[in-house]
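In this note's numbering, the protein residues as written are 7 to 317. Where is the CB? At the ideal position from N, CA and C, for every residue including glycine. Input: a single structure, listed below in structure tokens.
Shown next as structure tokens:
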């Protein structure tokens, strides 16, 4: 404890003496509450003193505080200004953030070409978020010529660094054969990585692959498992597919009540899209008492935020 206190005192002395790196480090301490009480205003103060001396990390951090409104009034123009100063010094995180502001039109005029430029500079330094963002730009053709191969290449670079959204997007490219040869095994591999980290859309598609035997051995239990995980995150398509599995008894014990309940929840979340056929089947199988039980179950499931949806 004494050693830490002594370290803070040294940083404070250096910062008060005008050392830009120490000012930045003191700002970080106040931002995180490390060795000092967390204080965003103090953090912003020290970041600004350092940033005004041209310290790129401080410029980026100050930009982030203006972007989020922590310690200062939220101001996208100021955020863009400080991001730009750091980006022009080659700081990859700032280049990505500035690209994002051009992409969304926050603090600057929306400009997909400028967004692509800054994303590319950051991506070339290995920033995973920038690689994914640039991949999205190439996939959509925003500010650049549409290029699915380039998009796939960038998604892979990002996915291999562990960025979960890039893993999902790479799985989708392999599944559809966009920018790469269609490969269900590779699709399943990348969908699984994203699904295991809780991405509902990846859980849905992995369930579909287990149901149909695409890239994996057909396994109805695994399909139902992944459908349920996606369903419990509010994914209407997964809720409907899980309802069908309860109807047929594939991968789960057959239960018309559970089937109706999940179909009812899916109808609620999708404004009734695609649920009619399952309700038509169920109406021929269920008593009014069972329908009432199913409606009560779906109500309880929704009210508990998917924590109490039955087995």
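Report the three-state DSSP secondary structure of residue i (helix, strand or coil).
i	result
residue 227	helix
residue 280	coil
residue 292	coil
residue 315	coil
residue 261	coil
residue 81	coil
residue 286	helix
residue 253	helix
residue 247	helix
residue 299	helix
residue 16	helix
residue 213	helix
Taking the alpha helix (DSSP H) that residue i belongs to, which residues open and close that run?
i	result
residue 158	154-165
residue 310	Taken as a continuous stretch (DSSP letters only), residue 310 belongs to no alpha helix (DSSP H), as it is neither H nor E.
residue 241	Counting along the chain, residue 241 falls outside any alpha helix (DSSP H), and DSSP gives it neither H nor E.
residue 37	26-38
residue 220	Looking at the DSSP string, residue 220 is not in any alpha helix (DSSP H), and its letter there is neither H nor E.
residue 65	62-74
residue 137	134-146
residue 120	118-129
residue 48	46-57
So, is residue i buried or exposed, given that buried needs 16 or more other C-beta atoms within 10 angstroms?
i	result
residue 145	buried
residue 295	exposed
residue 22	exposed
residue 286	exposed
residue 207	buried
residue 219	exposed
residue 277	exposed
residue 99	buried
residue 209	buried
residue 175	buried
residue 273	buried
residue 191	exposed
residue 35	buried
residue 291	exposed
residue 16	exposed
residue 77	buried
residue 171	buried
Can you round the beta-carbon distance between residue i and residue j to whole angstroms, since I take them to be within the 8 Å contact cut?
i	j	result
residue 82	residue 68	No, residue 82 and residue 68 are not in contact; Cβ-Cβ is about 13 Å, not under 8 Å.
residue 137	residue 164	4 Å
residue 300	residue 284	With a Cβ gap of about 12 Å, residue 300 and residue 284 do not count as contacting.
residue 118	residue 89	With 8 Å as the limit, residue 118 and residue 89 do not qualify as a contact, their Cβ atoms being about 17 Å apart.
residue 177	residue 193	5 Å
residue 267	residue 316	7 Å
Answer with yes or no whether the minimum CB distance from residue i to chain D is below 8 Å.
i	result
residue 258	As a matter of chain content, chain D is missing from the structure shown, which is built from one protein chain.
Fill in: Secondary structure, alpha helix (DSSP H): runs of 4+ residues fully inside the stretch 88-115
98-110
Curious, which full-length beta strand (DSSP E) runs of at least 3 residues does the stretch 170-207 contain? none
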